[in-house]
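>
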Amino acid sequence: MALERYAWLSVAAALATITLKTLAWWLTGSVGLLSDALESLVNLAAAVLALAMLRLAAAPPDENYPYGFSKAEYFSAGIEGALIVIAAGGITWAAVPRLVTPQPLDMPLAGLSLTVVATAINLAVALVLLRAGRAHHSITLEADGRHLMTDVWTSAAVLVGVALVFFTGWLRLDALIALAVSVHILWTGFSLMRRSVRGLLDPAISTEDQSEVTRLFQEYSRRYGVSFHALRTRQAGARRFVSFHLLVPDAWTVAEAHRLSEEIEARMRSMVANAAIFTHIEPISDPASYDDQELDR
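Residue numbers for the sequence shown follow our numbering, beginning at 6 and rising by one.
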């Protein structure tokens, strides 16, 4: 599967950055660099989880799950957010004692050099994942990419902190930077969890996609004198679901109405990526056709 390749790329990047950042912390003793290494452990766990959820989401529908498993991606994003929150707690636990009892840093230049290399790896992989997530409408890849991009900014802050400690001699600055990092990634973790919960609640498709559907309805209403109502949309991971009622002239045959609905659905699928579309055909002049327009029919 194409998306799994990106997940494996994320796993490889996490392993590489863990090695580099742990070595940087071992050389310097910086709690800021330790916080950076701990977040890379979260990156690895998130990448492995993303790989598993992408495989599950790609599994075909079965009798028990006729709509497929696309919502599995939201579990990945939610658990990744929870792991980030845990990592933030670990960083705070390591930073507070160092804030009370500052300690000098060893070999800061070597540690900074290793962290720069690790940050460059994360930046490159994050950009790839974000681009792939948008292209394939995958919240899992997008969440992993945003997490790695957060790690890039975290590493940049740590690099600045260690450099300032080296040049100013203010040892507590290392712990203060680590605490600031923990607050930043805590916010990222809660944001991912909130987005995951929202996805599990079946939100409507994007405003842009809804506008495309509305324009399509307006076009066919002008061309054929038909009408539309009871539009319902939802999204589950990369999948989109659209249902609507097509009201046709009473004199039309079932075959005519069916041909038009097939044409409309084909056009809609070209506009809304990964869309499953359900159409209900009704006579336009029958009062009963207008009794089921409410959201909770």
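Every residue gets a Cβ at the ideal spot worked out from N, C-alpha and C, and that includes glycine.
F172: buried (16+ other C-beta within 10 angstroms of its C-beta) or exposed?
Answer is exposed; the Cβ neighbour count stays below 16.
> Which residue from E78, L56, A42, A50 puts its Cα closest to that of Q240?
Taking only the C-alpha atoms, the option nearest Q240 is E78.
> Alpha carbon to alpha carbon, what distance is there between I210 and R231?
According to the sequence shown, residue 231 is Val rather than Arg. Cα to Cα, the separation comes out at about 24 angstroms.
> Just curious, the beta strand (DSSP E) that E287 is in, first and last residue?
Unbroken beta strand (DSSP E) run through E287: 280-288.
> Quick check: what's the CA-CA separation for P254 versus S294?
One C-alpha to the other measures close to 12 angstroms.
> Pick out whichever of V121, N127, A235 has its Cα sitting closest to the Cα of E299.
Minimum Cα distance to E299 is reached at A235.
> Just mark R244 as buried or exposed, buried being the case when its beta carbon has 16 or more other beta carbons within 10 Å.
Buried, because 16 or more other Cβ atoms sit within 10 Å of the Cβ of R244.
> Alpha carbon to alpha carbon, what distance is there between A82 and S201?
Each residue's alpha carbon lies about 6 angstroms from the other.
> From which residue to which residue does the alpha helix (DSSP H) around F249 run?
That residue, F249, is in no alpha helix (DSSP H); its beta strand (DSSP E) goes 244-253.
> Use the C-beta contact count for S226: other C-beta atoms within 10 angstroms, 16 or more gives buried, fewer gives exposed.
Label assigned to S226: exposed.
> Restricting to Cα atoms, I'd like to know which of W192, T219, S143, I289 is closest to V247.
For the residues W192, T219, S143, I289, the minimum Cα distance to V247 belongs to T219.
> Tell me the rounded alpha-carbon separation between V101 and I182.
Near 11 angstroms, if we compare the C-alpha coordinates of I182 and V101.
> When you compare the CB positions of L153 and Y11, do they come within less than 9 angstroms of one another, or not?
No, Cβ-Cβ distance for L153 and Y11 is not below 9 angstroms.
> Alpha carbon to alpha carbon, how far is A262 from H250? Give it in angstroms, no decimals.
Near 12 angstroms, if we compare the C-alpha coordinates of A262 and H250.
> Pick out whichever of H142, V121, V130 has its Cα sitting closest to the Cα of T27.
Among H142, V121, V130, the Cα nearest to that of T27 belongs to V121.
> Mapping the DSSP letters down to three states, classify A241 as helix, strand or coil.
It is a strand residue.
> Tell me the DSSP secondary structure of S232 in three-state form.
Note: S232 maps to strand in three-state DSSP.
> Determine the burial state of V130: buried for a count of at least 16 other Cβ atoms within 10 Å of its Cβ, exposed for fewer.
It counts as buried.
> Note down, in chain order, each residue of its chain lying with its Cβ closer than 7 angstroms to the Cβ of M112, except the 5 sequence neighbours on either side.
Legend: pLDDT at M112 = 48, less than 50; position of this residue unreliable, value from coordinates given subsequently. Excluding positions up to five away in sequence, the list reads L32, T33.
> Which class does L8 belong to by DSSP, given the choice of helix, strand or coil?
Three-state DSSP puts L8 in a helix.
> Please report the Cβ distance between I84 and L54, rounded to the nearest whole angstrom; I am assuming they are in contact, meaning their Cβ atoms lie under 8 angstroms.
Indeed they touch by this definition, with Cβ atoms about 6 angstroms apart.
> Nearest-angstrom Cα distance between L164 and V170?
Going by the C-alpha atoms only, they are around 10 angstroms apart.
> Could you tell me which of S15, P66, A123 sits nearest to L25, measuring between CA atoms?
It is A123.
> May I ask which residues mark the beginning and end of the alpha helix (DSSP H) holding H263?
Note, H263: alpha helix (DSSP H), 259-276.
> Look at the alpha carbon of D296 and the alpha carbon of E287, and state the distance between them as a whole number of angstroms.
Between D296 and E287, the C-alpha separation is close to 11 angstroms.
> Using the Cα positions of T1 and S160, report the straight-line distance between them to the nearest angstrom.
Given that the chain is displayed from residue 6 to residue 302, the structure contains no residue 1 and the question cannot be resolved.
> Once the 5 residues before and after E147 are set aside, which same chain residues still bring their CB inside 8 angstroms of it?
Result list for E147: L134, L135, G138, R139, in chain order.
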